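Protein chains in written order, with our numbering: chain Z, 14 to 219; chain W, 14 to 219.
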């Protein structure tokens with residue numbers, strides 16, 4: 014079953030260990046911010062700093078693992094038809110639109126959408142860290158350190174598939190920042206599937 | 014008064030709004046991980062993701078501000094004799110030494126030292142985010158995204174001065190990871206000074 018996240022909105026849901034989350038960019042050039050919290054203890058959360066350190070790389074793709082602040086693997090990228098995502102920046106927020114765009118009545122952004130979606134799971138806004146920003150194309154100049162937010166490389170139908178290595182709460186958005194999405198706001202699609210049945214299960218039923 | 018942080022250890026202390034923290038590398042090529050928490054509410058914490066986004070740059074130097082997760086300025090870099098620091102990686106930890114170095118009896122690292130130093134202030138280990146890693150020299154390949162931890166550019170006596178823009182709890186270490194410090198563990202020095210007296214104070218006393 015394919016779910017739709019409307020433009021400039023967000024969702025949160027459970028993802029069990031072994032299940033696979035497929036996130037699809039249905040129109041192309043649309044970013045989706047992803048967060049993960051351990052269901053057993055939501056103080057364990059996706060960590061850019063741990064992941065980049067262990068991978069010695071800022072760009073992730075299949076089959077890279079994504080670590081928590083406690084250095085456990087939360088998710089693993091199983092398939093990736095794009096190969097360019099960001100893991101440096103926090104979700105766009107009222108403050109982003111005020112500071113970067115100069116908006117006087119700023120949208121609540123991915124940060125506000127994630128905070129609202131995660132509230133029923135007892136996760137407070139201050140617990141939102143740097144997100145894994147699917148399809149977000151942030152170029153880094155290795156000499157000056159300058160960051161440039163470029164149009165996503167994703168085309169319509171492109172996808173990334175992540176498998177949970179622990180029981181998780183996932184936060185996911187259709188990103189609200191003009192610059193990140195090449196100037197227009199589009200939806201994001203996602204689906205959840207059970208992973209391949211382990212061999213042991215076949216053996217057990219024989 | 015100059016304080017010393019012994020090799021592979023850490024400290025935590027209050028820094029009032031307007032005060033200046035000077036961090037000195039007394040021997041050269043020694044990293045110091047810095048954390049900041051708002052004293053009024055320690056859920057407000059230094060944020061790499063917000064800061065890099067607002068600066069559009071991964072490398073900070075004077076006169077750059079350092080933002081919190083709530084998009085408030087916590088600190089501002091006033092002076093910097095090195096110009097190369099890292100704001101991508103989390104403090105080294107038992108897990109770092111286990112995963113990257115393969116140590117069977119790993120040191121608790123900057124993470125453990127910060128957790129111990131921050132405990133009396135009521136700050137839990139899970140609250141430790143990506144640190145602002147003073148003097149740490151992490152090169153990024155803009156094409157492949159590869160990260161390389163290189164020897165610090167700091168020489169003996171080099172320093173960075175940060176001014177607090179709110180009342181803070183600071184966590185500070187002499188980093189415990191061999192690779193970050195070009196193969197040897199050295200101390201870090203720091204001092205706290207009141208900032209320049211504002212003009213209004215002179216006017217008021219006249």
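Beta carbons: idealized from backbone N, C-alpha and C, even for Gly.
What you are looking at is a predicted structure, and each value in this text was computed from that prediction instead of being measured.
{"Check": "Quick check on the burial criterion: 16 or more other C-beta atoms within 10 angstroms. Buried or exposed for residue 66 of chain W?", "Outcome": "buried"}
{"Check": "In terms of alpha-carbon separation, which member of Z:182, Z:189, Z:170 lies closest to residue 93 of chain Z?", "Outcome": "Z:170"}
{"Check": "Give the range of the alpha helix (DSSP H) segment to which residue 66 of chain Z is assigned.", "Outcome": "61 to 68"}
{"Check": "Provide the residue span of the beta strand (DSSP E) that contains residue 122 of chain Z, from first to last.", "Outcome": "From DSSP, residue 122 of chain Z is part of no beta strand (DSSP E) but of the alpha helix (DSSP H) over 122 to 131."}
{"Check": "Do the region 114 to 130 of chain W and the region 160 to 174 of chain W make contact, defined as three or more Cβ pairs closer than 8 Å?", "Outcome": "no"}
{"Check": "Do residue 164 of chain Z and residue 126 of chain Z have their beta-carbon atoms positioned less than 8 Å apart in this structure?", "Outcome": "no"}
{"Check": "For residue 153 of chain W, return the contacting residues in chain Z, with the cut-off set at a CB-CB distance below 7 Å.", "Outcome": "71, 153, 155"}
{"Check": "Taking the alpha-carbon of residue 176 of chain Z as reference, which of Z:209, Z:116, Z:141, Z:184 has the nearest alpha-carbon?", "Outcome": "Z:209"}
{"Check": "Would residue 42 of chain W be called buried (16 or more neighbouring beta carbons within 10 Å of its own) or exposed?", "Outcome": "buried"}
{"Check": "Going by beta carbon distance, what residues of the same chain come within less than 7 Å of residue 29 of chain Z, once the five residues before and after it are set aside?", "Outcome": "177, 180"}
{"Check": "Going by Cα to Cα distance, which pick from Z:25, Z:36, Z:106, Z:21 is closest to residue 135 of chain Z?", "Outcome": "Z:25"}
{"Check": "Using a threshold of 8 Å, state whether the C-beta atoms of residue 193 of chain Z and residue 162 of chain Z are closer than that.", "Outcome": "yes"}
{"Check": "Roughly how many angstroms separate the alpha carbons of residue 203 of chain Z and residue 132 of chain Z, rounded to a whole number?", "Outcome": "21 Å"}
{"Check": "Excluding the five sequence neighbours on either side, which residues of its own chain have a C-beta within less than 6 Å of the C-beta of residue 189 of chain Z, listed in chain order?", "Outcome": "21, 105, 120, 122, 123"}
{"Check": "How about residue 69 of chain Z and residue 159 of chain W: are their beta carbons less than 8 Å apart?", "Outcome": "yes"}
{"Check": "With residue 201 of chain Z and residue 58 of chain Z assumed to form a contact (beta carbons below 8 Å), what rounded beta-carbon distance in angstroms separates them?", "Outcome": "In fact, because the Cβ distance is near 21 Å, the residues do not count as touching under 8 Å."}
{"Check": "By the 10 Å Cβ neighbour count, where 16 or more other Cβ atoms means buried, how is residue 72 of chain W classified, buried or exposed?", "Outcome": "buried"}
{"Check": "Name the chain Z residues whose beta carbon is nearer than 9 Å to that of residue 113 of chain W?", "Outcome": "66, 67, 69"}
{"Check": "Please confirm whether residue 132 of chain W has its beta-carbon closer than 8 Å to some beta-carbon of chain Z.", "Outcome": "no"}
{"Check": "What in chain W is Cβ-close to residue 44 of chain Z, meaning under 8 Å?", "Outcome": "Residues of chain W passing the Cβ test: none, with the nearest at roughly 13 Å."}
{"Check": "Helix or strand or just coil, what does DSSP make of residue 192 of chain W?", "Outcome": "helix"}
{"Check": "So, helix, strand or coil for residue 180 of chain W, using DSSP?", "Outcome": "coil"}
{"Check": "Put residue 112 of chain W into one of helix, strand or coil per three-state DSSP.", "Outcome": "helix"}
{"Check": "Would a check of beta-carbon distances place residue 181 of chain W closer than 8 Å to chain Z?", "Outcome": "no"}
{"Check": "Going straight from the alpha carbon of residue 56 of chain Z to that of residue 47 of chain W, what length do you get?", "Outcome": "21 Å"}
{"Check": "Nearest CA to the CA of residue 111 of chain W: which residue from Z:150, Z:108, Z:85?", "Outcome": "Z:85"}
{"Check": "Identify the continuous beta strand (DSSP E) that holds residue 34 of chain Z and give its terminal residues.", "Outcome": "32 to 38"}
{"Check": "Work out the CA separation of residue 34 of chain W and residue 173 of chain Z for me, nearest whole Å.", "Outcome": "44 Å"}
{"Check": "Checking contacts by CB at 8 Å: is residue 101 of chain Z closer than that to chain W?", "Outcome": "yes"}
{"Check": "Kindly indicate if chain W contains any beta-carbon less than 8 Å away from that of residue 95 of chain Z.", "Outcome": "no"}
{"Check": "Spell out whether any CB of chain Z is found under 8 Å from the CB atom of residue 109 of chain W.", "Outcome": "yes"}
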